[in-house]
Each structure stands twice: as C-alpha cells, then as structure tokens.
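Numbering (our numbering), first residue to last: 2 to 357.
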Ligand SMILES: [Zn+2]
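Right under this line is the structure:
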C-alpha cells in the first residue's frame, strides 16, 4: 500500500508520503494574499466591498487551487468596474456588457457568475453557453480561407434562415462541412454522391451532421450533383453493430413505454438511424412519405424510396395507427408543428441510457 502523509497544519491525510501541506492549507493563504493585493488596486469603497464579497464567494464555492488561480485575473475586471462606475446602481446587464461584450464576460467567467449570483447582472448559463458556441463557430470560420470560407459563411446564413437552429447544432454541421471542404480535392462544382461516399468512408462519424451541408451545396447551386449516399437497403448485411444496437434499444423502449410522444420519437429515431439522416429530418415526415402497402413498408427521402426491414417496419405501422386524420407522421403539440427535435432527443437519450 502507498504510504500517506498528513498535513502538519491541520492534520488532514494527504495523498503523498511525507508531511506536506494539504491543498487547502497550501492554496487558501495564497488566494487570500492575492485577494489582498487586488483589493489595494481598488479605490471606491463600494467596489472594495464588492471585491471582498467576491473573494468569499470564490473561496467558498470552488477548489482552493481554482480560487487562487482566478483571484488575480478577476481583479482586472473589478479594476474596470472601479474605473467605469460610480455606484453599484450603475452596474446593469447593459453597462457591464458594454465593457467588452459577451467575449469580455466570458473571459472573466468567474466574475460574471458572481455577478449573476448577486443578481447584479442577469446572465444565464444558457446565454454563456450560447456565447461559447458562437465563439467556436467563429473559430471554425477563422480556420478557413478563400472560397471555403465564403461557402461556410453562406452555409451559416442558409441554416439560420427560417426556423431557428441551435448554435450547438449549427456548429456541428459547420464542422462537418469544414472537414468535407478541407479533405475533398475535386472542385466544389464537381462534388457528387461518389465524392461524398468517399469522404464518409474515411469519416463515418460525420454522416448525419453532413446531411444539411450537402443539401445546402445542392440547393444553393454550388454542387448540383451533391447527395449523401443512403445506407445500403439490405438490413442484415449492411449495418454496423452500433447501428443495430441503437435500433434495438429504440424498439425495446418503444414497447416498454405507454407515452405516445416517446413512441413517435423513437420510431423517428429508428428511421434516422437506419437511413443515416438527421433525426429532425425524419420528424418532418408525412404520411405520404410512407408506403404501407408493401411488406416491408417504405420510407421516402427526397425522391427515393427505402424499404424498412425488421423491427422498423413494425414501429412505423404501430405509429401510423395513431391519429389517422393527421397528415404528419410525428405531430407535435401545436396543429402546425411536428414533434420538436429537442423533445425527441430527450426520449432517445432515455432509450439509450443502457447502451454504450
Ligand atoms: Zn491542511
């Protein structure tokens, strides 16, 4: 067994042998010292008071090491407050954002969390995550040049048109598009189903995220022949163990649940998995995109019909029996809407919780 030591100051057992200070006894005095140095920079009493509150909050809520590490850079943010604002009342979401935009608040992540915690500034985790995604999107763009950059820019505008797209989803689509542009040697106007097939053979993980980009290339006229090759039609021979495992998990949860929205979400997810197209695409399928006259039933993606073997045939037939009067296969709560992609993703997550 590994020998352990104990902290000479507080007696805490430490992971290393020999009597060294524990993390708390080592970092806390350093963090406090750093806080004192930062305090000396601040002139206005109300800013000093706010800084002391920040120090306590930081020490209380984060590891001693992180408190030490972030104390010093956070002092810069408070020095900025000291210079700009005459009282705490001057600090609002707008005035703090005016310092350096979301980027500045993101850089001073602990300070902005503290400001949100004290309700001085009303910024939610959601907004912070959104800024981080926008930053990543910008990084992807910055890593591209010339024509590729133009195309990716046009793709972003294309995705943002119409119904909103989440920034995280947009970033995943953009990344797939960027990888494709970078690794493809043929001129963009000559991109065809074959080019994309070759790319996906090397990057199978991009399959469903590339779908939107390829549709864009075709619709925007960059590559009239571009199309994502569908997965092979023969179920038994053409699918990886992972795809089959996921479809089986969907079917199992489908049978176990009594919830109609969950059954619908899992049926759509199984179709998406089988064809290698995005879930949100399958959620928009209508009854006329399904042919139940044949055994196994068929699903239409754009102009092509794909036959659904095994378990998926059964799921579709069961779902199709619900709300016969509705034109949509996966209706949502509103008469004009289909099941939401976020809601469906939740049901999928439940079904997959035991699948690696
Ligand atoms: Zn100690």
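Note that beta-carbon positions come from the ideal geometry of N, C-alpha and C, so glycine has one too. Bear in mind the structure is a predicted one, so any value in this text is a computation, not a measurement.
### Query
Starting from residue 305 and walking both ways along the beta strand (DSSP E), at which residues does that stretch end?
Element bounds for residue 305: 305 to 308.
### Task
For residue 2, count neighbouring Cβ atoms within 10 angstroms of its own Cβ and tell me buried if that reaches 16, exposed if not.
Note on residue 2: pLDDT 49, under 50, position unreliable in the model; no value is reported.
### Task
Could you tell me the distance, in whole angstroms, from the CA atom of residue 22 to the CA atom of residue 31?
13 Å
### Message
Quick check: residue 124 and residue 172, are their CB atoms within less than 8 Å of each other?
### Response
It is not a contact, given that the beta carbons lie outside the stated cut-off.
#### Entry: Pairwise C-alpha distance: residue 308 and residue 238
Bear in mind that the predicted position of residue 238 carries a pLDDT of just 45, short of 50, making it too unreliable to give a figure here.
### Stretch pair the region 202 to 215 + the region 173 to 185: three plus CB contacts closer than 8 Å
Yes, since at least three Cβ pairs between the region 202 to 215 and the region 173 to 185 fall closer than 8 Å, the two stretches touch.
### Coarse secondary structure for residue 199, derived from DSSP in three states
Note: residue 199 maps to helix in three-state DSSP.
### Query
CB-CB under 8 Å to residue 168, same chain, minus the five flanking residues each way: which ones, in chain order?
If we look at residue 168 and ignore the five residues flanking it on each side, its Cβ neighbours are 131, 134, 135, 138.
### Query
Do you know whose CA, among 96, 69, 319, lies nearest residue 82's CA?
96
### Task
List the DSSP bridge partners of residue 7.
BP columns for residue 7 point to 14.
### Task
Measuring alpha carbon to alpha carbon, tell me which of 245, 266, 252, 13 ends up nearest residue 343.
266
### Task
Work out the CA separation of residue 28 and residue 90 for me, nearest whole Å.
Distance between the alpha carbons of residue 90 and residue 28 is about 34 Å.
### Task
For residue 1, name the three-state secondary structure that DSSP assigns.
No answer is possible for residue 1: the residues shown for the chain start at 2 and end at 357.
### Task
With distances taken Cα to Cα, identify the nearest neighbour of residue 111 among 87, 103, 128, 72.
72
### Message
Please give the ranges of any alpha helix (DSSP H) in the region 134 to 187, keeping only runs that are unbroken, at least 4 residues long and fully inside the region.
### Response
147 to 161, 168 to 184
#### Entry: Reference residue 98, options 116, 87, 88, closest by Cα
For residue 98, the nearest C-alpha among the options comes from 116.
### Query
Roughly how many whole angstroms lie between the Cα atoms of residue 264 and residue 127?
29 Å
### Task
Could you name each continuous alpha helix (DSSP H) segment of 4 residues or more that falls completely within the region 265 to 291, going from the start of the chain to the end?
280 to 284
### Query
Do you know offhand how far residue 78's Cα is from residue 290's?
57 Å
### Residues sharing a beta bridge with residue 329, DSSP
Looking at the DSSP output, residue 329 bridges to 287.
### Task
Give the DSSP bridge partners of residue 25, in chain order.
According to DSSP, which records beta bridges pairwise, residue 25 is partnered with nothing at all.
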